[in-house]
Amino acid sequence: MSQDIWPWKCEHPDLQEDLFEAAKSKGKSLSCFGYPLSIFFIVINEFCERFSYYGMRAVLVLYFKYFLQWNDNLSTAIYHTFVALCYLTPILGALIADSWLGKFKTIIYLSIVYTIGQAVMSVSSINDLTDHNHDGSPDSISVHIALSMIGLILIALGTGGIKPCVSAFGGDQFEDDQEKQRSRFFSIFYLSINAGSLLSTIITPILRAQECGIHSKQRCYPLAFGVPAALMAVSLIVFIIGSKMYKKVRPQGNIMIEVFKCIGFAIKNRFRHRSKEFPKREHWLDWASEKYDKRLIVQTKMVLKVLFLYIPLPMFWALFDQQGSRWTLQATNMDGNFGAIQIQPDQMQTVNPILIIIMVPVVDAVIYPLIKKCKINFTPLRKITVGMLLASLAFVAAALVQVQIDKTLPVFPAAGQSQIKVINLGTDGATVQFEPQLKTVNLTSMDYTDYMTFETSQLQSLNVISGNNSTMKPINLPGGQRHTIEIKNTESGIVAEWLDDNVTSKPEEGNNLIRFINNLPYTINVTMGDTSFGTLMTLSASNYSLLAGGRKENIMAIINSNTCSVTSNKFGFGSAYTIVINGCTGNTLDVIYSEDIPPNTVHMAWQIPQYFLLTCAEVVFSVTGLEFSYSQAPSNMKAVLQAGWLLTVAVGNIIVLIVAGASKLSEPWAEYVLFAALLLAVSIIFAVMAYFYTYTDPNEVEAQLDEEEKKQGKKDPSVYEKEGESVSRM
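Using the working numbering, read the sequence shown as starting at 86 and increasing by one per residue.
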């Protein structure tokens, strides 16, 4: 109800019951600041539900990879399959809501399923559930996998099933004369989605990083999944609390099945009467008029007209959803040093919800009014077109950033090549000759070379000259790998030892690879931070260990029962270092750093422009799509059309898997350009389709149908009754 009729401003909670009864008796909604009071419960419900969903999803891939021990490809495939399923199940939710339970009960029942699914996910991640020998690893990983799959299926049913109902249910709370408030509601609704997404994306990774467990400590996935489960329970409780304030439209029959039957009969009837002796009809659906009434045919036309427009839209989501995959992988090759704050690659995803929270009110309160003052007719379909173009530009920006990143990436050996690095650990200079006369390098004391690339088949031997000593060593390398040879001129002659580096790519997630070489004449025990590198013999090297990027760590070595330590240099992101322990003076360790893989030098801040463009695209595309889907839907098919809109997201995720799998492009920047070009082409097609689209007012069309039926002396009992008899309040 408009504020003019119900001017109550929520200052008198003691009057709530009386005002509600008065509103109920007149078939009106209780109002607060010009909005139905019920929508505030819906917005809070959506915030909690989105916190639950995005919080769980933020750590899902890491759970697959590090807890269930799946490889990257399987983890990614299951992740995108889950996301696609979450956007396929809205069809089921819409069918249940519109034809059986109604939106309110559908939200309640599926939220219960949703909450159970989140709880099952939390239980599935409890390490001690099957760790009977208390060694820190699950004894029966299949139990955890089974519980995880059950939990994910329940979550997909829950989140997908309620998704088309919640936004449409919120739209139902407004009166016919509250179009402005309804439009503003969808912006607020979308804002709550991104507020929940932002907080959960920040909080749940922090919870996951904690250590917990009964018998052995582990990454705390139970807490990371448990908090979203608790928020889902809160979401359900908040929604139930507002029950008495909701306007609930009763389900109006199995309309989706009727629509399919109507379409099928029209096609079948048209095929039967394909002869020229039968006159053409204005629309192919009119061939269903022999069996179905005019109201259903007209409503089906409206729905199909909108669904036809949806055909190009999945391509937008194919680009948009790569924030959590491709763009995060891009960030792993970038520098996350923001001064006092060190940003991890997966935390860059928070840029999107932060910008959304800023951009939605700015666009709604400033940009759109300015466009209107300029007398530009910025229709919903034009907004959607602009959103697609902006998303295409975002991927062009991502491609430009990727080109700069590629310039800084190390080149690793091909299958028939070997890369060799030489470290001189002695006090004398050294000359190293790769025979037969391939390359000669000269090194000073404690010097090292960069990796040198050779054709493996051409390498025969290595000649090392240092001081008055020399040695010849044969070379027999497998190819396709990096190797380090450490040389040292000692009293007994030249020592030349090969080290297998076993590193053919930059470290994942912006982490660093660290290893140590003991250049002391006695055995030492080395630790760095919380990581132990074990006991190192003289001139031996540890294996590489993965450490978090962007940190300084304490290096400690136990030498002859004495402890020596030093604070390391501040490592960047995505680097690899060999640290030579060269001595200890006054309990201070003397170390030398040899850079094996350079740290990322392109700053993560360069991703902000592409995030900004994609966020602007999302604001004008997604918010508009929610409103457009509601405004163009007949009264008994609103959730169905909302589900159709969400279905485009599912298809978009499937497109990512298809294009990524079928694409033979080896360069990431080229794939970004491919996606940008595809969306540009699709946006042009959509612009042409939108040009020929005629906006309709479903209320006006249904009012005309009501008038015609009254004149004919009949009335369809499934029609929404304006007298209020189809509207119930609990």
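For each residue, glycine too, the CB sits at the ideal point set by N, CA and C. Quick caveat: nothing in here was measured; it's all calculated off a predicted structure.
Mind checking whether Leu404 and Leu764 have CB atoms under 8 Å apart?
By 1-based counting over the sequence shown, the position of residue 404 is 319. By 1-based counting over the sequence shown, the position of residue 764 is 679. Yes, these two residues count as a Cβ contact at 8 Å.
If I'm right that Trp730 touches Gly710 with Cβ under 8 Å, what's the distance once you round it to whole angstroms?
Along the sequence shown, read from residue 1 onward, the residue named residue 730 stands at position 645. Along the sequence shown, read from residue 1 onward, the residue named residue 710 stands at position 625. Contact flag correct, Cβ pair sits at about 6 Å.
Considering Cα atoms alone, identify which of Phe519, Ile192, Thr670, Leu292 is closest to Glu540.
The sequence position of residue 540 within the sequence shown is 455, counting from 1. Here the closest residue by C-alpha is Phe519.
Can you tell me which of the three DSSP states Pro430 falls into?
For this step, residue 430 is matched to residue 345 along the sequence shown. Reduced to three states, the DSSP call for Pro430 is helix.
Residues near Pro606 by beta carbon distance below 8 Å, same chain, minus five either side
If you number the sequence shown from 1, residue 606 lands on position 521. Counting only Cβ-Cβ distances below 8 Å, and skipping sequence neighbours, we find Thr623.
Which of helix, strand or coil does DSSP assign to Ala425?
Counting from 1 along the sequence shown, the entry for residue 425 is found at position 340. Three-state result, Ala425: coil.
Since Gln566 sits in a beta bridge, which residues does DSSP pair it with?
Taking the first residue of the sequence shown as position 1, residue 566 is located at position 481. Paired residue(s): Ser503.
Measuring from the CB of Gly514, is there a heavy atom of the ligand FAD at a distance below 7 Å?
As far as ligands go, the structure on display features none, and thus does not contain the ligand FAD.
Start and end of the beta strand (DSSP E) containing Met613?
Start at 1 with the first residue of the sequence shown, and residue 613 comes out as number 528. First-last of the beta strand (DSSP E) with Met613: 609–613.
I want to know whether the region 499–507 touches the region 481–490 - three or more CB-CB distances under 8 Å.
No, they do not touch.
Please check the pair Gly659 and Gly595, which I expect to be a contact at CB under 8 Å, by giving their CB distance rounded to whole angstroms.
Within the sequence shown, the letter at position 574 stands for residue 659. Within the sequence shown, the letter at position 510 stands for residue 595. By a beta-carbon distance limit of 8 Å, Gly659 contacts Gly595. Their separation comes to about 5 Å.
Where does Glu106 sit, in a helix, a strand or coil, going by DSSP?
As a working note, residue 106 is residue 21 in the sequence shown. The pLDDT assigned to Glu106 is 47, lower than 50, so where the model puts this residue is not dependable, and the model offers no usable value.
Within 10 angstroms of the Cβ of Cys701, are there 16 or more other Cβ atoms? Answer buried if so, exposed if not.
In the sequence shown, the residue the question calls residue 701 occupies position 616. That one is buried.
Candidates Leu122, Ile439, Ile201: closest to Leu270 by CA position
Numbered from its first residue, the sequence shown carries residue 270 at position 185. Position check: residue 270 holds Phe in this sequence, whereas Leu was assumed. The option with the nearest alpha carbon to Phe270 is Leu122.
Who are the near neighbours of Cys171 in its chain, counting only those whose CB is closer than 6 Å to its CB and skipping five residues on each side?
As a first step, residue 171 is located in the sequence shown; it is residue number 86 there, counting from the start. Excluding sequence neighbours, Cys171 sits near Ala241, Thr244, Gly245.
Who are the Cβ neighbours of Ile291 in its own chain at under 8 Å, not counting the five residues just before and after it?
Locating residue 291 in the sequence shown gives position 206, counting from the first residue. Contacts found: none.
Start and end residues, beta strand (DSSP E) containing Asn667:
For this step, residue 667 is matched to residue 582 along the sequence shown. Taken as a continuous stretch (DSSP letters only), the beta strand (DSSP E) holding Asn667 covers 661–670.
Beta-carbon proximity list for Thr516, same chain, < 7 Å, skipping 5 on both sides:
Taking the first residue of the sequence shown as position 1, residue 516 is located at position 431. Excluding positions up to five away in sequence, the list reads Thr525, Asn527, Ile550.
Can you grab the Cα-Cα spacing for the pair Gly737 / Leu621, in whole Å?
Along the sequence shown, read from residue 1 onward, the residue named residue 737 stands at position 652. Along the sequence shown, read from residue 1 onward, the residue named residue 621 stands at position 536. For Gly737 and Leu621, the distance between alpha carbons rounds to 52 Å.
Closest by CA to Thr686, which one among Leu674, Gly657, Thr673, Phe706?
The residue labelled residue 686 in the question sits at position 601 within the sequence shown. Of Leu674, Gly657, Thr673, Phe706, the residue nearest in Cα terms is Gly657.
Distance, Pro753 Cα to Ile352 Cα
Against the sequence shown, residue 352 aligns to sequence position 267. Against the sequence shown, residue 753 aligns to sequence position 668. Distance between the alpha carbons of Ile352 and Pro753: 45 Å.
Which residues does DSSP pair with Ala626 in a beta bridge?
Taking the first residue of the sequence shown as 1, we reach residue 626 at position 541. Per DSSP, the beta bridge partners of Ala626 are Ile602.
Residue of Ser160, Ala179, Val144 minimising C-alpha distance to Ala718:
Residue mapping note: residue 718 aligns to position 633 of the sequence shown, counting from 1. Relative to Ala718, the option among Ser160, Ala179, Val144 whose CA is nearest is Ala179.
Cut-off 6 Å between Cβ atoms - residues of its own chain near His300, not counting five sequence neighbours on either side:
To locate residue 300, count along the sequence shown from 1; it is residue 215. Closer than 6 Å at Cβ, skipping near neighbours: Asp213, His219.
For Cys51, which residues from the same chain have a beta carbon less than 6 Å from its beta carbon, with the 5 sequence-adjacent residues on both sides left out?
The question about residue 51 has no answer, for the chain in this structure spans 86 to 815.
Measuring only the C-alpha atoms, how far is Val496 from Ser625?
Walking along the sequence shown from the start, residue 496 turns up at place 411. Walking along the sequence shown from the start, residue 625 turns up at place 540. Approximately 27 Å between the Cα atoms of the pair.
Beta-ladder partner(s) of Glu134, from DSSP
Taking the first residue of the sequence shown as 1, we reach residue 134 at position 49. Partner(s): none; Glu134 has no beta bridge.
List in chain order: all unbroken beta strand (DSSP E) runs of 3+ residues lying wholly within the region 504–558.
515–520, 524–528, 537–540, 546–551
Other residues of its chain near Asp513: CB distance less than 8 Å, five sequence neighbours each side excluded
Indexing the sequence shown from 1 puts residue 513 at position 428. Within the same chain, Asp513 has close Cβ partners Ser530, Ser551, Gly552, Asn574.
With three or more beta-carbon pairs closer than 8 Å as the criterion, would you say the region 306–320 touches the region 135–152?
yes
Do the CB positions of Gly281 and Ile124 come within less than 8 Å of each other?
Counted from its first residue, the sequence shown places residue 281 at position 196. Counted from its first residue, the sequence shown places residue 124 at position 39. Gly281 places its beta carbon 8 Å or farther from that of Ile124.
Alpha carbon to alpha carbon, what distance is there between Val144 and Glu296?
If you number the sequence shown from 1, residue 296 lands on position 211. If you number the sequence shown from 1, residue 144 lands on position 59. For Glu296 and Val144, the distance between alpha carbons rounds to 15 Å.
Can you have a look at Ser110 and say buried or exposed, based on whether 16 or more other CB atoms are within 10 angstroms of its CB?
Counting from one through the sequence shown, the residue named residue 110 turns up at place 25. Only weak support is given to the placement of Ser110: the predicted model assigns it a pLDDT of 45, under 50, and the value that follows is read from those uncertain coordinates. Its Cβ having fewer than 16 others within 10 Å, Ser110 is exposed.
Counterpart residues of Gly578 in DSSP-defined beta bridges:
Along the sequence shown, read from residue 1 onward, the residue named residue 578 stands at position 493. Thr575, per the DSSP bridge assignment.
Span of the beta strand (DSSP E), counted from its first residue to its last, around Val704
If you number the sequence shown from 1, residue 704 lands on position 619. From DSSP, Val704 is part of no beta strand (DSSP E); its letter is neither H nor E.
Which whole-angstrom value is the C-beta distance of Thr663 and Thr569, which I expect to be below 8 Å?
Against the sequence shown, residue 663 aligns to sequence position 578. Against the sequence shown, residue 569 aligns to sequence position 484. Thr663 to Thr569, Cβ: 7 Å. Contact.
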